[in-house]
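First residue of the sequence shown: 1, per UniProt numbering; consecutive thereafter.
Where a beta carbon is used, it is the ideal one built from N, C-alpha and C, also for glycine.
In what follows, a single structure is set out as structure tokens and then discussed.
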Amino acid sequence: MEYKQSDRQGFFNRLYVHFFLYAVPQLSAVALVVTFGDDSRASLWQSAVLLIGFNLAFALWLLLFNSGNGRVEPFSIAINHDQLTVTEFGRKRTIERQHFGGCKIYSGYPKQVRLCNHKGQDIHFSYYAISSAQRAQLFKELGCDSR
């Protein structure tokens, strides 16, 4: 079975992940500098616009222009009787079935799924990388607790 990220889901996922990984910590740091410094609040707004603008521009570019022969597959999971393969922007990571140790869901920010590998190289990906229907089917197929 193969689970592929739709363009719309990819757009949402990129905004979600970038917001929690980059925007929140950077904006917090800028807010502290502005609060305790002599600088004006304009620098806070400039930083916010730049961070959000960059993340939004990248997500929109992928949504609008990632097509045709040169299309890069943003995210997919392929499962067969031998292995699990997770592909992110052309980078493939594989866990052989005999080494698969189940999956765990981390509900921090950003929320993540971890596919456990008995060999020690677990695969992490965003919980929102695929749609909720695909997630439910994936968790059922892998025998994961989706809570």
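Looking at the DSSP output, H18 sits in no beta bridge, so it has no partner there.
Measuring C-alpha to C-alpha distances from R91 to each of G143, E73, Q26 and H99 identifies E73 as the nearest. Per DSSP, the unbroken beta strand (DSSP E) holding E96 starts and ends at R91 to E96.
Counting the other Cβ atoms within 10 Å of the Cβ of F54 gives fewer than 16, which makes it exposed. Exclusion of the five residues before and after H81 leaves R97 as the residues of its chain whose Cβ lies within less than 8 Å of its Cβ. In this structure, the straight-line span from the alpha carbon of I95 to that of L142 is close to 13 Å. Our two residues, H99 and H118, have alpha carbons roughly 5 Å apart in a direct line.
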